[in-house]
Structures are given as C-alpha cells and as structure tokens.
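**Q** Handing you a structure now.
There are 4 protein chains.
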Amino acid sequence: MSTTTVRRRLTRDESRAQTREHLIDAARHLFVTNGYGGASIRDIANNAGYSQGAFYSNFSSKEDVLLELLRRHMDAEAMQLTTLMDDNAQLPEQMLAQLEAWASTLNHDADWCMLSIELQLHARRSLSFAADYQKVWDKHQSEIGGVIDLLFKKLGRSTPAEPHELAAAFMALSHGLALQKTTDRQELTGRLIMVFLRGLIASST
Amino acid sequence: MSTTTVRRRLTRDESRAQTREHLIDAARHLFVTNGYGGASIRDIANNAGYSQGAFYSNFSSKEDVLLELLRRHMDAEAMQLTTLMDDNAQLPEQMLAQLEAWASTLNHDADWCMLSIELQLHARRSLSFAADYQKVWDKHQSEIGGVIDLLFKKLGRSTPAEPHELAAAFMALSHGLALQKTTDRQELTGRLIMVFLRGLIASST
Amino acid sequence: MSTTTVRRRLTRDESRAQTREHLIDAARHLFVTNGYGGASIRDIANNAGYSQGAFYSNFSSKEDVLLELLRRHMDAEAMQLTTLMDDNAQLPEQMLAQLEAWASTLNHDADWCMLSIELQLHARRSLSFAADYQKVWDKHQSEIGGVIDLLFKKLGRSTPAEPHELAAAFMALSHGLALQKTTDRQELTGRLIMVFLRGLIASST
Amino acid sequence: MSTTTVRRRLTRDESRAQTREHLIDAARHLFVTNGYGGASIRDIANNAGYSQGAFYSNFSSKEDVLLELLRRHMDAEAMQLTTLMDDNAQLPEQMLAQLEAWASTLNHDADWCMLSIELQLHARRSLSFAADYQKVWDKHQSEIGGVIDLLFKKLGRSTPAEPHELAAAFMALSHGLALQKTTDRQELTGRLIMVFLRGLIASST
DNA sequence: CATGAATGAGACTTCATTCAT
DNA sequence: TATGAATGAAGTCTCATTCAT
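So this is what it looks like as structure tokens:
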C-alpha cells in the first residue's frame, strides 16, 4: 500500500503472527460458512495454505481458535460501541443518528452476525466455552442497555421494558435476521432496528 | 389416557409408523440438543431404541429426517396461525390479545425455536434443502405479514415498514432470543414481541 | 481338514465371530512383533483383512483387544496347569516329569512369552488394565506356587524361599529368556527351569 | 558437594555437554516410564528444559539417544563386574559374598532393569540397533559366565549347564522380576539369585 | 548451539451409509 | 421390516524430523 515498499524478510515472530492470522481468517470464514461443527481443522489449515500441524502449532484445539475469534469479536464490538458512549453531551437526535449508524454497521459484514450465532450455538454446547462467552455477552448487553437507558433518560421518558431486555431484543433481532439470509438483508437489519426503536420511543411515557 | 384401553397387536403399517415416530422424536431431540451436524444417526437410532438399519428403512438419509421435521414444523406453525386468521370480524383489541397468546406459545416449547434455527442453518448449507425450506418460510412469512397488515388496517393506520418485513423481524426476534438461552427467557420472548408491536402501533400514522 | 466338507454360508454370528477371531490373531501377532505401542489399529485391521471400522465394530479400543488377549492367555495358562494339579496321588518323580513337560511347553510358542511381557508392560502403564492384569497374575502365581509347595512336601523337604516367590522367579526366568531371543532358546528355557528346580531341591533340607 | 564452589561460566563445550547430559537423563527417565515408543522427543526435550531443536543438535535421531544409553549401560555393567573379576586369588566364600553384593546392586535402581528391558525390546525390532546391542550383550554374558565358571572351578565342581547359559539365566531372572514391579521386589531379586545360585552349587558334582 | 514453527505421515476414533441376513 | 457388521472417508490430534532464524 505504501508508495515505496521495502520487501524484507519477516522476522520469526512476524512470520508466526502472519500464519496465525491466516489461520484465524480461514477459521472465521469456514465457521461462518459451514458452522463450527462443519468446519474441519484440515479444511481450515488447507484453506489458509498450511498443514494441519501448523494449526496445532498455533492453537491447542478447534475450540481454541473459536475462543480467539470470540476475543476479537468482543474487542470489535467494544470499539463499535465506543462512539456511542463517548460523548455524553450530545442531543437525543444526535444519539439516534449515531444509533442508526451503528445499526447499519451490523450489515456491512454479512458474516459478522453469523459468527456471533456460531459463538452462541457453541456456548450452548460446550460448558467451558460458555463460561468465557457469558462474560463477553453480559458486558456487551449491559453496554447496549446503558446506551438505551441514556437515550430514554435524555428524552425524559421511561423504557417500556428493562434496558437490558431491550438490548437483548435488539441483538436477537439482528441475529435472527442474519439467519434468514434474505438477499436484500444487507440494508434491512439496520432499518428495522430503527423502526423498532422509534416505536419504543413513541410508545413510552 | 382413556379409562379402558384395548391393547391389540399393531398392524404392520402401524408398527412401521410407530418406529418412524420414535425415530423422528429422537432426531428432533438430538438436532435441538447437539445440532444437525452434531447428531449422529447411530445416536438417533439408539436413542429411539432401534438399530441404524431401522433408520434407513424409514428415511433415505439424515437430511431426509430433517425434511420430515421441516414438514411437521410447517404444519404446526400453520395450525398456530389458524386461530389468528380465522375470524376476520374481530376487533383490534381481540386481535392483539390473540397475538399475545400466539407470542406466548413461542415460549412453551423451548426446543421449538432451536429446531427452527437448525432448519434455517441447514438451509443455508444445503441447496436442495434450501429449496424446500424456502417454500415453507415464504408461506409462513406472508401469513404473519397478512395478520400484521390486517391489524393495522383495522386500526386505520399504515405499517411503519412492509408487513412482510415486520413479519420477518418478529420471527427473527423470537429466534434470536431462543439462541440466548437466558434462564428467564421462558416468558421474555412473548412479552418483548408485544412491547415491540405496541411500539410499532404507537409510532404508526 | 475334514474328509467331507459341506461348505455352507456362515450365519451372521459365525461370521462375526470369525472376523473377531481374525482380528485377535492379527493383534496378537503384531503386539508380539512390534509391541503394544508399535502396533497400530490400521495395521491390525489390514493384517486381518478388514477395515479399521471392522475393528471398532468388534472392540471398543486398542486396549480392549489386549484385554481379550489377556483373558485368553489366562485361560490357556489355567489349562496348562490343570494337568500339573489334577492328580494329587502321583509320585515326586512323576511330578518332576510333568513339570519338565510343562516347562518345555513354554517354548513351543515363541510368541507366548512375548505376549506375556507385553501384557506386563502395558499393566505398568495403564492403571485400568493393571487392575485386570493383577487378578490374572495373582491367580497364576499362587497356582504355580501351590505346585511347587506340593512337590517339596512330597519330597519331605522345605522350600528355600516362599513358594510364591519361587513361582515368581520361574515366571521371571521364562520371560527374561524370551526377551533374549537367542536362536537356540527354543529348548533352553525348559531345560534351565529344570536345572534350577533340581538345584533348589538339592539345596533344600 | 565441595564446601567452597567457584561458580564460573561454562565453556562452550561444557555447556554443550551439560545440555547433552540433561537430555540423556530425561530420555532415560521417559524410556523407562513410558517405553521407547511411548516417549516423544518433544517430551524428552521439554522434560530436560530444552527445545526439540536442542535434541537434534545433540542426537541425530531418537534411536541415537537410545544408543548412547546403551553405551552407558554397558560401561556401568562393566564397572559392576570389575569387582567380581578383579581378585582371582579370593576364596569361594568371598566370591559368593561378592556375588551377593553384586546381585543386590541390581535392586538399588529399580529403573536399571527396565532400561535393560527397553534396550532388549528395541533390539528385537531394529536391525541396526540389534547389531550394536549384540556386542554389548555377548560381552556381558561371557563375563558373567566367566565368573560363574571360576566359582565352580574353585569349588571343584562342574556347572550343571554351560556357564554362559547360566549367565543368561541370571540376567533373565533379574529382568523378569523387574517386569513384575512387585512392591517388595527391592530386596527380592538379589535374594532369589542367591537362592538359585546356592541350589546350582548344591546340585553340582 | 539452540530455537520452535512448520511439515507430512500416521495415530486413534467416529461417521453416514450399504447389504447380507 | 429391521438388524448390525462392515466399509471408506473423514474427523481430531501427535509424532519424528527439518530448517530458517
């Protein structure tokens, strides 16, 4: 990308990190496409251009790479919400606009929600994974709940259900729509979230 | 349940039907618990009390039994909606009450939505299955959309999004919440659906 | 082998038993040749002329087939000793002759002792297997000890060490010599056992 | 152990030798515990506190380190026997006492015999290793045979079997008892060897 | 010299499916 | 119809070994 690139040999650490990155990308793609259970380590490694042994040099098991994806998912979600929570001084209209922006980002990567769903599904089936997942989930839910609570407070209204329940509902909506794989879903999710949000505001007192 | 039961030998057809029924029940349970990919035919057969051969006497493949589950799912959903659509002469308040009743049935069987999710997931991954699934889905979506449309018409309002979009949203909401497996979700789904529905009405013009 | 053989199709049970027998034979051969750890299930199955799956239709694991070999080893050893213990009325000279006969049987199958050694080695390394092995071992040791005790009693002498210790020593001798794989060991083991036994008698009081 | 230790930086050669020594110790321990096949190079290296690469800097293969263990085993055995063979002028009673001392050393290190067994087992399976092993074995056997021969000559008796056969028998006895891993074997081996030896003497003419 | 990431082969095991009984 | 032994492919994972650093 730089105009003048000095092609140099990668250091060992860089090389390892690159391999790891390739494997993670391949794993994410295959988990999304075939599901966690349907993605084999052989496929992941081949897809990334490495041997199966390379996978096990970087991850201790298939669940281990899913955990890494969970961590990154969490970080990315936290980053997304930072913009929503940063500026407390903004007006309700601004908040709504930012929420709309946030809601629409949920569509940019169609795979995003599917990964979220795979994480949830695996958490239902693996006790150890569930423990890690729960932390991430609770944090994310309470953050979104906080935003919702703040919005209604600024509007001088009370939420028609507990903020954390509404947060769960919006996340559920986004995940459920992702499952449907409608062709024009690209833009749908964000729009419906706003429709529902406006409805909640309209019906609040 | 009858007070006097006449135990008679089953006819060959009845016996076959019973075997099939047992297999279907076992398959549903395991698909919900372990996912489609995580449920083996050996497990399904053993769980039902039969051999693997019995499975293949009744179904041509693993996907075949999933198709049967899809058909039954469709039928059950159609039955549920019958009550909502039957009496066109009812008042809006009655419709809302009936919708509430319908929404709450989504909770009665926690497995219900998980099966729905497994069906959707498999439809994303199997082209042949997707075709069958699409028909069922479209029919169900348009039926719910019809109910929503009717409701708003009776209220003299216009929907804040296309009825079929709102139908998809409500189904997504229910599926997404099922994924969350919250302990108190038993009652949550129906309640949130009504909160959102009232919001839509409040914000409509 | 019979003069008139009616070649008939095997029943299912017979067929299964035959497969099982073939697998056991192959396993025994490979365990003896390559050791328990050095014999792979793939090799065992191929060697027997079946697929790996056939192995798992008949045994739950590699250790399972070793357990079966242990059981058969035990049975065969018990049979061998039956002749030694049956007739209590015999004279010491007869007993010695029978012991000599028994000692020489240890050579007939060169593989016999190596299997015994593999069983012992695996018992050192697998706790669950060790439990099963210990029973067999104790029984065998006390039986041989009984024979030794009886022999010395008939001779009116006392053993120069506890009978069970001497039993352990004779078994150890036979196993240790098997390990050496000397070309002329075929006849050596039995002869040395008798040399030592005569020595014990000569030195007893 | 010295009261004043001058800690100095190891030379390159010393450092390398130390690494090698650590690896050898770890290998010996793991071969004894898990068997040659059951010990992985990764385990050996990690157990010694080094990387796998360090192993290959010091040994060309897994068999190479086993060969080194064989050499050391041989040297140690030769040292043990030196005391037995040194003083040809001693009386038979002294020889017996020294033999008893030697026999009891076989117990001091319970691992000693197990390593011997692993070496023998591997010699049965690797042709190249067998060649090296045979030399060591023959030398050791003839040395022990020489001691036995000498003992009987001094007693003015003839051995009830060839001296080298008796040597093989005593080594077999010791290996076979090691396999049994009886809890009180610590003292048993040496004692039984002496019991058998006295028996041989008593029955000789 | 020592590191450890990466390899390719092969370990044990499970799977959906077939077919003789 | 139902059985379950057997198959062949594929699954997760470990191994001895190599080689760029």
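Chains as they are written, first to last, in full-length UniProt numbering: chain A, 1 to 205; chain B, 1 to 205; chain C, 1 to 205; chain D, 1 to 205. For each residue, glycine too, the CB sits at the ideal point set by N, CA and C.
Please confirm if A/M79 has its CB atom under 8 Å from at least one CB of chain B.
**A** Chain B, which has no Cβ nearer than 8 Å to the Cβ of A/M79, makes this no.
**Q** Could you list which residues in chain D have their beta carbon closer than 9 Å to that of C/I117, in chain order?
**A** Within 9 Å Cβ-Cβ: I117, L121, G176, L179.
**Q** Give me the Cα-Cα distance between D/L91 and D/S174, rounded to the nearest whole angstrom.
**A** Their Cα atoms are separated by approximately 26 Å.
**Q** Below 9 Å between beta carbons is the criterion; list the residues of the UniProt domain "HTH tetR-type" (17-77) of chain B that meet it against any residue of chain A, in chain order.
**A** The UniProt domain "HTH tetR-type" (17-77) of chain B vs chain A, Cβ under 9 Å: T33, N34, G35, Y36, G37, G38.
**Q** Restricting to Cα atoms, I'd like to know which of D/G38, D/K154, D/G35 is closest to D/S204.
**A** Looking at the Cα atoms, D/K154 is the closest of the given residues.
**Q** For D/A161, report the span of its alpha helix (DSSP H) as first-last.
**A** Run containing D/A161: none; DSSP gives neither H nor E here.
**Q** Is the beta carbon of A/D132 closer than 8 Å to that of A/V32?
**A** No.
**Q** Measuring only the C-alpha atoms, how far is B/E93 from A/S158?
**A** Cα to Cα, B/E93 sits roughly 24 Å from A/S158.
**Q** Closer than 7 Å between beta carbons: that is the criterion. Which residues of the segment 145-169 of chain B meet it against chain A?
**A** Within the segment 145-169 of chain B, the residues whose Cβ lies closer than 7 Å to some Cβ of chain A are P160, A161, E165, A168, A169, listed in chain order.
**Q** Determine the chain C residues that contact D/V195 at a beta-carbon separation under 7 Å, and present them in chain order.
**A** By Cβ distance, chain C contributes P160, A161.
**Q** Run through DSSP, which three-state label would C/R16 get?
**A** C/R16 falls in the helix class under three-state DSSP.
**Q** With 16 as the cutoff for other CB atoms within 10 Å, does residue 212 of chain C come out buried or exposed?
**A** Within the shown structure, residues of chain C are numbered from 1 to 205, placing residue 212 of chain C beyond reach of any answer.
**Q** In chain A, what lies closer than 9 Å to B/L127 by C-beta?
**A** The contacting residues do not exist; B/L127 stays about 13 Å from chain A at best.
**Q** Give the range of the alpha helix (DSSP H) segment to which D/L127 is assigned.
**A** That run of the alpha helix (DSSP H) goes 127-154.
**Q** Hey, could you find the ends of the alpha helix (DSSP H) C/D75 is sitting in?
**A** Counting along the chain, the alpha helix (DSSP H) containing C/D75 begins and ends at 62-86.
**Q** Could you check which residue in B/S57, B/M171, B/D64, B/S15 has the C-alpha nearest to that of B/R28?
**A** Out of B/S57, B/M171, B/D64, B/S15, B/D64 has the C-alpha closest to the C-alpha of B/R28.
**Q** Let me know the secondary structure DSSP gives D/D111 once reduced to three states.
**A** D/D111: helix per DSSP, three-state reduction.
**Q** When the Cβ atoms of the segment 190-199 of chain C are set against those of the segment 191-204 of chain D, are three or more pairs found closer than 8 Å?
**A** Yes, the segment 190-199 of chain C touches the segment 191-204 of chain D.
**Q** When the distance is taken between beta carbons, is B/A39 closer than 8 Å to B/H22?
**A** For B/H22 and B/A39, no; Cβs fall outside 8 Å.
**Q** Please tell me whether C/S203 has its Cβ less than 8 Å away from any Cβ of chain D.
**A** By this cut-off, C/S203 is an interface position.
**Q** Helix, strand or coil: how does DSSP classify B/S174 here?
**A** Correct three-state label for B/S174: helix.
**Q** Between the Cα of B/W137 and those of B/A172, B/T105, B/A103, B/T182, spot the shortest distance and give me the residue it belongs to.
**A** Residue B/A172 is the option with its Cα nearest to B/W137.
**Q** For D/G35, which of D/G190, D/F152, D/C113 has the nearest alpha-carbon?
**A** Taking only the C-alpha atoms, the option nearest D/G35 is D/C113.
**Q** Any beta carbon from chain D within less than 8 Å of C/G190's own beta carbon?
**A** Not an interface residue.
**Q** Which one of D/R42, D/K135, D/T82 has the shortest CA to CA distance from D/L119?
**A** Ranking the options by Cα distance to D/L119, first place goes to D/K135.
**Q** Is C/M79 buried or exposed, if buried means 16 or more other CB atoms sit within 10 Å of its CB?
**A** C/M79 should be labelled exposed.
**Q** Taking CB distances under 8 Å as the criterion, tell me whether D/A172 reaches chain C.
**A** It does; some Cβ of chain C falls within 8 Å.
**Q** Put A/F31 into one of helix, strand or coil per three-state DSSP.
**A** Residue state, collapsed to three classes: helix.
**Q** When DSSP labels each residue in this structure, what does D/S203 get in the three-state scheme?
**A** Note: D/S203 maps to helix in three-state DSSP.
**Q** Within its chain, find whatever has a CB closer than 7 Å to the CB of A/E43; leave out the 5 residues flanking it on each side and keep chain order.
**A** Residue identity check: residue 43 of chain A is Asp in the sequence provided, not Glu. These residues qualify, in order along the chain: L30.
**Q** I want to see whether chain D comes within less than 8 Å of C/L200, judged by CB atoms only; does it?
**A** Taking Cβ atoms only, chain D reaches closer than 8 Å to C/L200, which makes this a yes.
**Q** At what residues does the alpha helix (DSSP H) containing B/G53 begin and finish?
**A** Start and end: 52-58.
**Q** Using a Cβ-Cβ distance cut-off of 8 Å, determine whether C/R124 contacts chain D.
**A** Yes, its Cβ sits closer than 8 Å to a Cβ of chain D.
**Q** Hey, quick one: how far does the alpha helix (DSSP H) through B/R42 stretch, first residue to last?
**A** Note, B/R42: alpha helix (DSSP H), 41-48.
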